[in-house]
Each structure stands twice: as structure tokens, then as C-alpha cells.
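*Asks:* In full-length UniProt numbering, the protein residues as written are 1 to 300. Mind looking over this structure? Questions follow.
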């Protein structure tokens, strides 16, 4: 039985007439007759009978009429609610990420918002480690984070066209004694003072772990969740920091040197995460589907 057939049946019983029902439903009488014959055949019951021009329900038809009206009322209410929500409500979605990796994927976010102007997206900034925890706990539906993934109950998604990643460089003032080096090892930075992203960021863990490999503890005198504050501190105090080279364009007017690392550190892949086994809201599902399938058309 289809909803369309049920709607036809209700209208026929309500008007007690095929002709009036056909007018109200904007269909032909043969269409109604064919559908009613099919409906009764499918249910294996005679639902109505006609005496003269009047159509009356059988006992089985009365049950279908009473129950069917409630079903159609609920269906119409549900449809109106969903359509009203879709048309009038501004869609809101919060995505966990951070300003360190945002230059890599922001073109895709902006493309999404141009295609879906009724969307409002908020980027909740935290380090990749903290964002992973929030998504794993269900506090956020979607996160954009860099490897390594430290939480177990996460599904990892990648863009089908692009590979997003960033490379860690040693940042310093352009008059720093090490600024002319073609590359540097963490080992050579043993006596340097560091500024660092906070413990919520992968780069803090990379610095600590690599320094441990070379037998020292890095002298970190400043930590921040903001790469802008980090860069300003490096410039003011003439110290060093590990930072993604992809941010270089943002600071091209600053007196800075960006020196690649000679240590074997793979580029940090940037991926989309959501909680394993938890259905996404329509807003999150639409956004994730777009971000994982679209090609970047305009580089910012």
C-alpha cells in the first residue's frame, strides 16, 4: 500500500463519490478506480461498495479510514515540519579545528558556504589532540585535524581529490644566527629557547618527542594556541619555534626565516573526523559529503 493510494481512499470515503474525489485530488476517475482495485487486491479485503452514486466503506474500510486519516495527518505534519525547517531555518554547524591548519582547507569551507548560503559555520579552535577528544566524546560532530590520530573511536575521512598536509619548519627572525642554514635538525636546536603551540597541538608533542630522541628537554618559554602570538613572540625575543610552513604567506612582510627540518618527519596529513558509529545530523552530513568530494576551484 502506498501513501498515494491511502490518500485516494480517504478522499473517496470522505466525499462518498468517485467524481467529487477525482476533482478534489486533480486526477481522473479511471485513475482512482484502478488504484482502489489494486489496493483491495493487495490487502485481500473489500474496502468499499457502491450503491447508486454513493460509495460506502465496509467494516474493514472503516478501520482503514479511521487509522489512515491519522497516518496521513501525521505524515503531512512531519512533511511540513521538515520543509519549514529546510526553507526558513538558518543551518548552523560547528566544526572543530584550529588556525594552524586552517589555511590548507579554508578554500573548501568557503566554497561550501557559497553553494549553501543559508549555512552558518563556526570553527571552534583547539589543537588537533583536543579536537579529537571532543569529537570522540560527542561534543562536536566533525573535526578537521592533523595526524597522528590518538583517539580510537573515530572514523577518518579524506578528500577524494586533494591530499591535505602541512610541513613543520623552524621559524626564527631573519637575523638569527641560524637563519642562513639550508636545513636544521632538532639536535642543533638543543641550546635554543623555544616558543611552541600548546600541548593540545601535535607540534608540541613532535618537539618534545624529537628532543627526547636526541637526549634533551627543549627550553620552552612561551606556549599559545595562537600562531599569531607565537610569531610575534619569536620576533620580539629572537627565539625559535616549530610551525607549519603553509603559514608563511600570512607573514611574508615579517622579518622571518623559515628553515626546513632535516630530521625524518613525515608531512602531517590533515583529515576529517567524526565519531565512529554515531549518525550525523543532516547539516553535518551535507558538509562532510561536500568537503570530502569537492575539488578546490579557487586558491585563496
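Note that beta-carbon positions come from the ideal geometry of N, C-alpha and C, so glycine has one too. All of these numbers come straight from a predicted model, not from anything done at the bench.
For residue 107 and residue 212, what's the separation of their Cα atoms in angstroms?
*Replies:* 37 Å
*Asks:* Starting from residue 50, trace the beta strand (DSSP E) in both directions and tell me its first and last residue.
*Replies:* 48 to 51
*Asks:* Over the uninterrupted beta strand (DSSP E) stretch that includes residue 160, give me the two end residues.
*Replies:* Here residue 160 belongs to no beta strand (DSSP E), and DSSP marks it neither H nor E.
*Asks:* With distance defined between alpha-carbon atoms, name the residue in 243, 219, 52 nearest to residue 197.
*Replies:* 243
*Asks:* Output the boundary residues of the alpha helix (DSSP H) element that contains residue 196.
*Replies:* Counting along the chain, residue 196 falls outside any alpha helix (DSSP H), though it belongs to the beta strand (DSSP E) covering 193 to 197.
*Asks:* Report yes or no: do the region 143 to 163 and the region 221 to 239 share at least 3 C-beta pairs separated by less than 8 Å?
*Replies:* no
*Asks:* Residue 122 bridges to which residues according to DSSP?
*Replies:* 94
*Asks:* For residue 118 and residue 112, what's the separation of their Cα atoms in angstroms?
*Replies:* 11 Å
*Asks:* Could you have a look at residue 273 and say whether DSSP puts it in helix, strand or coil?
*Replies:* Under the three-state reduction of DSSP output, residue 273 falls in the strand class.
*Asks:* Nearest-angstrom Cα distance between residue 75 and residue 250?
*Replies:* The alpha-carbon of residue 75 is positioned some 53 Å away from that of residue 250.
*Asks:* Might you give, ordered along the chain, the residues of its own chain that have their beta carbon closer than 6 Å to the beta carbon of residue 61, omitting 5 neighbours on each side?
*Replies:* 47, 48
*Asks:* Would you check if the distance between the CB atom of residue 255 and the CB atom of residue 174 is smaller than 7 Å?
*Replies:* Yes.
*Asks:* Starting from residue 244, follow the beta strand (DSSP E) in both directions and report where the run begins and ends.
*Replies:* 240 to 244
*Asks:* Of the residues 68, 24, 297, 274, which one's Cα is nearest the Cα of residue 288?
*Replies:* 274
*Asks:* What does the alpha-carbon distance come out to for the pair residue 252 and residue 78?
*Replies:* 54 Å
*Asks:* Thinking residue 105 and residue 265 are a contact (beta carbons under 8 Å), I'd like their distance in whole angstroms, please.
*Replies:* Not quite, the Cβ-Cβ distance comes to about 21 Å (not below 8 Å), so this is no contact.
*Asks:* For my contact list, residue 101 and residue 109 are in at a C-beta cut-off of 8 Å; report their separation, rounded to the angstrom.
*Replies:* That pair is no contact at about 12 Å.
*Asks:* What's the C-alpha gap between residue 97 and residue 185?
*Replies:* Approximately 28 Å between the Cα atoms of the pair.
*Asks:* Out of 286, 10, 294, 190, point me to the one whose CA is closest to residue 160's CA.
*Replies:* 294
*Asks:* Go to residue 223, then tell me how far its beta strand (DSSP E) extends in each direction, as first and last residue.
*Replies:* 219 to 224
*Asks:* Roughly how many whole angstroms lie between the Cα atoms of residue 54 and residue 17?
*Replies:* Approximately 6 Å between the Cα atoms of the pair.
*Asks:* Can you check which of these residues, 40, 207, 257, 180, is closest to residue 263 by C-alpha distance?
*Replies:* 207
*Asks:* Using the rule of at least 16 other Cβ atoms within 10 Å of the residue's Cβ for burial, across every protein chain shown, is residue 38 buried or exposed?
*Replies:* Under this definition residue 38 is an exposed residue.
*Asks:* Based on the DSSP output, what are the partners of residue 258 in its beta bridges?
*Replies:* 171
*Asks:* Can the beta-carbon of residue 80 be found closer than 7 Å to that of residue 280?
*Replies:* no
*Asks:* Looking only at C-alpha atoms, which of 36, 15, 20 sits nearest to residue 4?
*Replies:* 36
*Asks:* How big is the Cα-Cα spacing for residue 195 and residue 127?
*Replies:* 16 Å
*Asks:* Going by the CB atoms, is the gap between residue 216 and residue 248 shorter than 7 Å?
*Replies:* Not a contact, by the Cβ cut-off of 7 Å.
*Asks:* Could you pull out every residue in the same chain whose Cβ sits closer than 7 Å to the Cβ of residue 22, ignoring the five residues on either side in sequence?
*Replies:* 28, 29, 32
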